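What follows is a short report on a single structure.
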Amino acid sequence: MTISRVGVDIAKSVFRVHSVDRHDQVQWRGKYARDKWLDAIVKRVPIGAEIAMEACASSHYWAFRHVVITSS
50 MTISRVGVDI AKSVFRVHSV DRHDQVQWRG KYARDKWLDA IVKRVPIGAE IAMEACASSH
110 YWAFRHVVIT SS
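Just add 49 to wherever you are in the sequence shown, counting from 1, and you've got my numbering.
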(Lines of atoms letter the chains of each structure in order from A and count residues from 1; the text may use other names and numbers.)
(Lines give C-alpha, C1' and ligand atoms only; values in the text may rest on other atoms or scores of the structure.)
Protein backbone atom coordinates (compact mmCIF):
# COMPACT_ATOMS: atom_id res chain seq x y z
CA MET A 1 0.00 0.00 0.00
CA THR A 2 0.98 3.61 -0.48
CA ILE A 3 1.37 6.04 2.37
CA SER A 4 -1.37 8.67 2.32
CA ARG A 5 -0.99 10.43 5.70
CA VAL A 6 1.92 11.05 8.04
CA GLY A 7 1.84 12.39 11.58
CA VAL A 8 4.96 13.97 13.05
CA ASP A 9 5.48 14.56 16.77
CA ILE A 10 8.07 17.31 17.13
CA ALA A 11 10.26 17.17 20.22
CA LYS A 12 13.44 18.95 21.19
CA SER A 13 15.86 16.37 19.80
CA VAL A 14 13.79 13.42 18.54
CA PHE A 15 10.94 13.38 16.02
CA ARG A 16 8.46 10.49 15.98
CA VAL A 17 6.83 9.67 12.65
CA HIS A 18 3.70 7.55 12.06
CA SER A 19 2.20 6.90 8.63
CA VAL A 20 -0.89 5.13 7.32
CA ASP A 21 -2.37 4.21 3.96
CA ARG A 22 -5.82 5.21 2.71
CA HIS A 23 -7.35 2.36 4.75
CA ASP A 24 -5.70 3.62 7.97
CA GLN A 25 -3.36 0.63 8.09
CA VAL A 26 0.04 1.49 9.60
CA GLN A 27 2.70 1.53 6.89
CA TRP A 28 5.70 2.93 8.70
CA ARG A 29 6.70 4.48 11.99
CA GLY A 30 9.99 5.53 13.45
CA LYS A 31 12.01 7.73 15.75
CA TYR A 32 14.57 10.07 14.19
CA ALA A 33 17.07 12.67 15.30
CA ARG A 34 16.20 16.26 14.43
CA ASP A 35 18.68 16.31 11.54
CA LYS A 36 17.58 12.93 10.05
CA TRP A 37 13.77 12.93 10.04
CA LEU A 38 13.32 14.91 6.84
CA ASP A 39 15.55 12.48 4.90
CA ALA A 40 13.39 9.61 6.16
CA ILE A 41 10.23 11.40 4.96
CA VAL A 42 11.70 12.11 1.52
CA LYS A 43 12.71 8.45 1.06
CA ARG A 44 9.38 6.92 2.07
CA VAL A 45 6.51 9.34 1.56
CA PRO A 46 5.10 9.91 -1.95
CA ILE A 47 4.38 13.36 -3.32
CA GLY A 48 0.83 14.39 -2.46
CA ALA A 49 0.63 12.64 0.91
CA GLU A 50 -0.64 14.73 3.82
CA ILE A 51 1.90 15.46 6.55
CA ALA A 52 0.49 16.72 9.85
CA MET A 53 2.33 18.09 12.86
CA GLU A 54 1.45 19.97 15.98
CA ALA A 55 1.04 23.74 15.75
CA CYS A 56 4.11 25.22 17.39
CA ALA A 57 6.94 27.54 16.41
CA SER A 58 8.94 24.65 14.91
CA SER A 59 6.08 23.56 12.66
CA HIS A 60 6.10 26.94 10.94
CA TYR A 61 9.80 26.49 10.18
CA TRP A 62 9.37 22.95 8.79
CA ALA A 63 6.32 23.94 6.71
CA PHE A 64 8.16 26.77 4.96
CA ARG A 65 7.94 26.33 1.15
CA HIS A 66 5.51 23.42 1.39
CA VAL A 67 1.77 23.29 0.84
CA VAL A 68 0.23 23.84 4.24
CA ILE A 69 -3.32 22.90 5.18
CA THR A 70 -4.41 24.29 8.51
CA SER A 71 -7.18 22.85 10.61
CA SER A 72 -9.29 24.69 13.12
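Heads up, the beta-carbon is just placed ideally off N, CA and C, and yes, glycines get one too. Nothing here was measured: the structure is a model prediction, and the numbers come from that model.
Endpoints, the alpha helix (DSSP H) within which residue i is located
i	result
residue 92	86–93
Span of the beta strand (DSSP E), counted from its first residue to its last, around residue i
i	result
residue 67	63–69
residue 60	Residue 60 -> no beta strand (DSSP E), and no H or E assigned at all.
residue 99	99–102
8 Å contact criterion, which residue i and residue j should meet: CB distance rounded
i	j	result
residue 99	residue 65	17 Å between Cβ atoms; not a contact.
residue 52	residue 68	5 Å
residue 50	residue 70	4 Å
Three-state secondary structure (DSSP) of residue i
i	result
residue 83	coil
residue 50	coil
residue 76	strand
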